[in-house]
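What follows is a set of notes on a single structure, which appears directly below.
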Amino acid sequence: MAVPSRRGVFLLLAAMLSILSVGVGAWLFWLSGARHLLLVGGLMLCLTVLTWIWWRRLPAEVVAPSRRT
Amino acid sequence: MAYDGAMLLASIVLFIPILAIAAILHLILRKLRFVPAARAGLAGYALVALGGYALLFLGSALNLLVLKPAHLQAKYLGRAYGTPLALRSFEHSGFQDPADEWHYLLDETDLAALKRSCIVQPPVAKGPEPCVLYADRDERWFAEVWLEGSELRMIDGLH
């Protein structure tokens, strides 16, 4: 299994937080009609996807010499 | 809708602190190479700042939908009969005098157990009146817990 890069770990955490926000936000919307969490979660999810597309085009991160051995 | 308003106010008040904390966190993440340097790192900063808002809203939702009602039920009824999964409706109202109202759908066992401890028993002749389980107030605060049909309803706030 491929080990995700540090950027990948960051984006994975952002995606997990945004999916959690969308899920809890949808529940909150169903309970009370409040949209703030759903909105922030959706915005964050969109930004995570766009950032992933952007960062995929960047040159690969340089691995520190100590980690290469 | 008032809950959206309250969170909008919190977002405005905490705008500068969240951006400042996100900037510090972003610098640390850039140093550790979790986000790229230069222009591409801006997206990382925006994600960290949005993550801060998401955590703020998630914390508030966790408090208002899970922790606070469980604590209040334990205080007013002895134990939490309504669980987060049984929650059917939530309303946050008021601005300077905020109040929260929760509606839970109860199962038959809990409903029967709670019906035995009504403060005001529903009179048979006058039709259905709510079975009040707890009611108290002072000059600033009020709280009431009652049964309506198969729902446990609880309100707690300031007046």
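Chains as they are written, first to last, in this note's numbering: chain A, 3 to 71; chain B, 1076 to 1234. Yeah, the Cβ is synthetic: ideal placement off N, Cα and C, and Gly gets one too.
- Within chain A, the residues placing a beta-carbon under 9 Å from that of His1167 of chain B are Ser34 and Ala36, ordered along the chain.
- Among the residues of chain B, none has a CB under 7 Å from the CB of Phe31 of chain A; the nearest is roughly 10 Å distant.
- Spatial neighbours of Arg58 of chain A in its own chain (CB-CB distance under 6 Å, excluding positions within 5 residues in sequence) are not present.
- If you check the CB distance, Val26 of chain A and Ala1136 of chain B come in under 8 Å.
- Residue pairing of Arg1228 of chain B in beta bridges, as defined by DSSP: B:His1178 and B:Trp1221.
- Contact between Ala28 of chain A and Thr50 of chain A is absent: CB atoms are separated by about 17 Å, not below the 8 Å threshold.
- Excluding five sequence positions before and after Leu1147 of chain B, the CB atoms of its chain that fall closer than 6 Å to its own CB belong to Asp1231, given in chain order.
- Within the same chain, Cβ atoms closer than 8 Å to the Cβ of Ala1149 of chain B are found at Ala1155, the five residues on either side in sequence being excluded.
- Within a 10 Å sphere around the beta-carbon of Ser23 of chain A sit 16 or more other beta-carbons, which makes this residue buried.
- At a cut-off of 8 Å between beta carbons, Phe1170 of chain B makes no contact with chain A.
- The segment 1215-1230 of chain B and the segment 1174-1193 of chain B touch, with no fewer than 3 CB-CB distances between them shorter than 8 Å.
- In the three-state DSSP reduction, Val26 of chain A falls in the helix class (H, G or I).
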